[in-house]
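Structure first, then comments.
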Amino acid sequence: MGPDTETPLVEIRECRLEDFDGVFPLLRQLWPESNIDPEKMRDIYLRLLEAATSHVFCALSGGRITGFCDFYVRDSLWQQGKLAYVDELVVDESMRGRGTGAALLEYAAGTARDLGCSRIELDSAFHRTDAHGFYDNQGWQRRAFLFGKDLT
Ligand SMILES: CC(C)(COP(=O)(O)OP(=O)(O)OC[C@H]1O[C@@H](n2cnc3c(N)ncnc32)[C@H](O)[C@@H]1OP(=O)(O)O)[C@@H](O)C(=O)NCCC(=O)NCCS
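The sequence shown: position 57 = 57 (this note's numbering), numbered continuously.
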C-alpha cells in the first residue's frame with residue numbers, strides 16, 4: 001500500500017493569536033445585526049486565549065478558518081463537579097451542512113470530558129431555529145429557558 005495521502009476534510013485545532021483575522025468574519029456572521037468593534041473583539045479574544053478556564057478552537061478546511069467555537073469550564077454545585085459551557089459556535093456560511101459544526105461540538109464535548117467535566121451546556125437565542133434543529137440532531141436536550149437583563 002502507498003503512503004496515506006488522504007487529508008481529513010476538517011481539521012480542528014486550538015486557536016492562536018494570529019487566527020483572529022480569520023475568526024473575526026465568522027463572529028460577524030454570528031451577530032450580523034450587531035455593530036461589533038474589531039479592536040474590542042481582539043482584546044477579548046486574546047484574553048480568552050490566555051484564560052486557564054477558556055478553550056478556544058477553530059475548524060480549518062484547505063488551510064482556511066471555516067469554523068469557530070469556544071467554551072469555558074466552571075465549578076458547579078448543581079453538577080457537584082465541573083461543568084463546560086459553550087459560548088460561541090459558528091461555521092462559515094459557505095461551509096454549513098458539511099459536518100463542520102458537528103466536528104466542533106464533538107471536539108468541545110471530548111475536550112470537556114477529558115478535563116473532568118460531567119456535563120456540557122449552551123444557550124441559543126429563540127430566533128436561531130436552524131441551530132436548535134442542529135442541536136436536536138446532535139442529541140442535545142432542551143432543558144431550560146435563559147433569562148437575562150441589560151445592565152447598561
Ligand atoms: C448551527 C451551525 C453551527 C451548524 O453547523 P453545520 O456545519 O452547518 O452543521 P453540520 O453540517 O455539522 O450538521 C451536522 C448534522 O446536523 C444536521 N442539521 C444541521 N442543521 C439542522 C437543522 N436545522 N435541523 C435538523 N438537522 C440539522 C445536519 O443535517 C447533519 O446531520 P447528518 O450528520 O445526519 O448529516 C451552523 O449552521 C451555523 O454556524 N449557524 C449560524 C450560527 C449559529 O446559529 N450558531 C449557533 C449559535 S447558538
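Where a beta carbon is used, it is the ideal one built from N, C-alpha and C, also for glycine.
Every value quoted in this text rests on a predicted model; they were computed, and no experiment measured them.
Cα separation between residue i and residue j?
{"i": "ARG125", "j": "PRO32", "result": "The amino acid occupying residue 125 in the given sequence is Ala; Arg does not appear at that position. When rounded, the distance between both Cα atoms is 14 Å."}
{"i": "GLU14", "j": "ASP114", "result": "15 Å"}
{"i": "GLN141", "j": "ILE12", "result": "25 Å"}
{"i": "ARG143", "j": "CYS69", "result": "21 Å"}
{"i": "ILE44", "j": "ARG16", "result": "13 Å"}
{"i": "ARG47", "j": "GLY97", "result": "31 Å"}
{"i": "PHE134", "j": "GLY101", "result": "9 Å"}
{"i": "ILE36", "j": "LEU30", "result": "11 Å"}
Any chance the CB of residue i is under 8 Å from a heavy atom of ligand 1?
{"i": "SER124", "result": "yes"}
Between which two residues does the alpha helix (DSSP H) harbouring residue i extend?
{"i": "VAL23", "result": "20-30"}
{"i": "GLU50", "result": "38-50"}
In terms of residue numbering, what span does the beta strand (DSSP E) encompassing residue i cover?
{"i": "ILE120", "result": "117-122"}
Mind listing, in chain order, the residues whose beta carbon lies closer than 5 Å to a non-hydrogen atom of ligand 1? In chain order, the hits are LEU89, VAL90, VAL91, ARG96, GLY97, GLY99, THR100, GLY101, ALA102, SER124, ARG128, ASP130, ALA131, GLY133, PHE134, ASN137.
Counting only runs that start and end within the region 59-101, where is the beta strand (DSSP E) found for 3 or more residues in a row? Counting only runs of 3 or more, we get 64-76, 81-91.
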